[in-house]
Each structure stands twice: as structure tokens, then as C-alpha cells.
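As C-alpha cells, the structure follows; a few thoughts come after it.
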Amino acid sequence: GWDDPRMPTISGLRRRGYTAASIREFCKRIGVTKQDNTIEMASLESCIREDLNENAPRAMAVIDPVKLVIENYQGEGEMVTMPNHPNKPEMGSRQVPFSGEIWIDRADFREEANKQYKRLVLGKEVRLRNAYVIKAERVEKDAEGNITTIFCTYDADTLSKDPADGRKVKGVIHWVSA
Numbered sequence: 001g002w003d004d005p006r007m008p009t010i011s012g013l014r015r016r017g018y019t020a021a022s023i024r025e026f027c028k029r030i031g032v033t034k035q036d037n038t039i040e041m042a043s044l045e046s047c048i049r050e051d052l053n054e055n056a057p058r059a060m061a062v063i064d065p066v067k068l069v070i071e072n073y074q075g076e077g078e079m080v081t082m083p084n085h086p087n088k089p090e091m092g093s094r095q096v097p098f099s100g101e102i103w104i105d106r107a108d109f110r111e112e113a114n115k116q117y118k119r120l121v122l123g124k125e126v127r128l129r130n131a132y133v134i135k136a137e138r139v140e141k142d143a144e145g146n147i148t149t150i151f152c153t154y155d156a157d158t159l160s161k162d163p164a165d166g167r168k169v170k171g172v173i174h175w176v177s178a
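Here full-length UniProt numbering is used: the first residue of the sequence shown is 1, the next is one more, and so on.
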């Protein structure tokens with residue numbers, strides 16, 4: 001019917017997840033005219049992207065996971081505080097479990113990389129979002145040569161802050177707890 005999410009109707013857009021504010025902003029941008037016009041879908045998508053960026057709480061997900069083991073992490077785990085929105089403290093925060101075994105996205109790691117690569121590389125440091133600075137030490141591979149586990153060390157004094165010795169950490173990657 002008219003509320004099918006595949007249909008470009010207001011009911012269809014609402015069922016697809018478009019907010020009322022984003023639809024109103026889209027209508028305000030394109031205006032009213034007596035002429036036939038073709039409007040790019042990118043304009044509508046831009047409105048929803050801006051609205052969700054401003055109002056949606058944040059979460060982390062790993063699409064293509066690879067295991068990361070922090071070898072010098074002591075204890076069973078802890079809870080790390082993460083904001084629900086990076087620019088809106090009034091949206092509150094949440095507690096996320098952190099342990100010595102976490103998962104990162106496979107695209108966030110390379111064994112060798114150029115200087116422009118700002119994620120995890122063997123022998124280099126990177127920050128885990130809202131957590132610690134880690135350094136990749138070695139990897140474990142399966143028979144086909146695919147990376148199955150990344151072994152790292154972490155700096156225990158860097159929980160949500162810069163290293164005390166002044167060294168610069170270039171990248172920040174997202175993660176989920178195992």
C-alpha cells in the first residue's frame with residue numbers, strides 16, 4: 001500500500017525511519033512551485049542525515065570483526081563510560097564493558113601502511129574510542145593467511161586522556177567487548 005517503505009510517500013518515508021523534522025526540512029528546502037521539478041534523492045537523504053546527526057544517540061558496532069587481545073591487561077574487566085552523543089552532554093552517558101579481549105573492525109588494522117593511514121598498524125599506537133591507547137605487537141593467522149587475532153599492549157594511564165609523556169596518538173578506532 002501507500003505506507004510501503006519502498007514508496008516515496010510520507011507514510012513510506014516514516015516507516016523507513018525518516019523523522020518528521022527531516023521531512024519538514026526537505027519540504028522547506030525544495031519550496032513550492034507550479035512547475036514540474038525533479039528533485040534528487042540525495043537532497044532528501046541529506047536532510048535525514050543532518051537530523052539524525054544532530055539528535056540520534058551514538059553506539060558502536062563492528063561489521064567485519066577480528067579479535068584483539070590485550071596481553072598486559074590485568075583483571076576480568078571494567079566498565080567504561082561513553083557519552084550517548086559526542087556534542088550533547090545533556091543526552092547522558094552509558095556504561096560499556098571493557099576487557100582484555102575485544103573485537104575491532106578488520107578494516108581498522110593493517111600489518112603495513114603508509115603515513116596517511118590513521119588506524120592500527122603493527123608497531124604503532126592508536127586510541128580505542130573512549131578507552132585506552134593500544135599498540136599492536138603481533139598477529140596470528142589461519143592456514144589461508146587471514147588474520148584471526150591481533151595481540152596488543154595497552155597504556156593503563158591513558159583511559160580517556162592523552163599519554164602523560166606527551167607522545168601523539170594519531171587515530172581513534174571503535175570496538176566492542178567480547
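No residue lacks a Cβ here, since even glycine has one placed at the ideal position from N, Cα and C.
For residue i, which of the options has the nearest alpha-carbon?
i, options, result
"Pro87", "Thr81, Lys168 and Glu54", "One point to set straight first is that residue 87 is Asn, not Pro, in the sequence displayed. Of Thr81, Lys168 and Glu54, the residue nearest in Cα terms is Glu54."
"Gly171", "Asp155, Ala143 and Gln116", "Gln116"
"Arg138", "Tyr132, Ala131, Ile147 and Arg16", "Ile147"
"Glu125", "Ser160, Pro163, Gly145 and Val169", "Val169"
"Glu101", "Asn72, Arg119, Ser93 and Gly166", "Asn72"
"Ser46", "Thr33, Ser93 and Phe26", "Phe26"
"Ile104", "Lys161, Ala131, Ile173 and Ser22", "Ile173"
"Ala42", "Arg29, Thr33, Phe98 and Trp175", "Arg29"
"Tyr132", "Gly123, Thr38, Leu122 and Trp175", "Trp175"
"Leu120", "Met79, Leu68 and Glu90", "Leu68"
"Ala107", "Thr81, Gly166 and Asp64", "Asp64"
"Asp51", "Arg127, Lys141 and Gly17", "Gly17"
"Leu159", "Asn130, Asp165 and Ala136", "Asn130"
Using DSSP with H/G/I as helix, E/B as strand and the rest coil, what is residue i?
i, result
"Leu159", "coil"
"Asp4", "coil"
"Ser11", "helix"
"Arg138", "strand"
"Glu101", "strand"
"Glu25", "helix"
"Ala127", "With the sequence shown as reference, residue 127 is identified as Arg, and Ala is not the correct amino acid for it. Note: Arg127 maps to strand in three-state DSSP."
"Arg16", "helix"
"Arg106", "helix"
Report back the beta-carbon spacing between residue i and residue j to the nearest angstrom; my notes put them in contact at under 8 Å.
i, j, result
"Ile134", "Ile48", "Wrong, their Cβ atoms sit about 35 Å apart, outside the cutoff."
"Ile150", "Val66", "6 Å"
"Ser97", "Met79", "With the sequence shown as reference, residue 97 is identified as Pro, and Ser is not the correct amino acid for it. Confirmed, Cβ separation roughly 6 Å."
"Ile5", "Arg15", "First, the amino acid is wrong: residue 5 is Pro here, not Ile. Rounded, the Cβ-Cβ distance is 5 Å, consistent with contact."
Compute the minimum distance between the beta carbon of residue i and the heavy atoms of the ligand MG, and state whether it is under 6 Å.
i, result
"Met60", "Among the components modelled here there is no ligand, and therefore nothing to report on the ligand MG."
Taking Cβ positions only, does residue i come closer than 7 Å to chain B?
i, result
"Ala59", "No chain B appears in this structure, which consists of one protein chain only."
Whole runs of the beta strand (DSSP E) within the segment 40-92, excluding any shorter than 3 residues: 65-70 and 78-83
Touch test, the segment 105-122 against the segment 74-86, Cβ-Cβ under 8 Å, three pairs minimum: no
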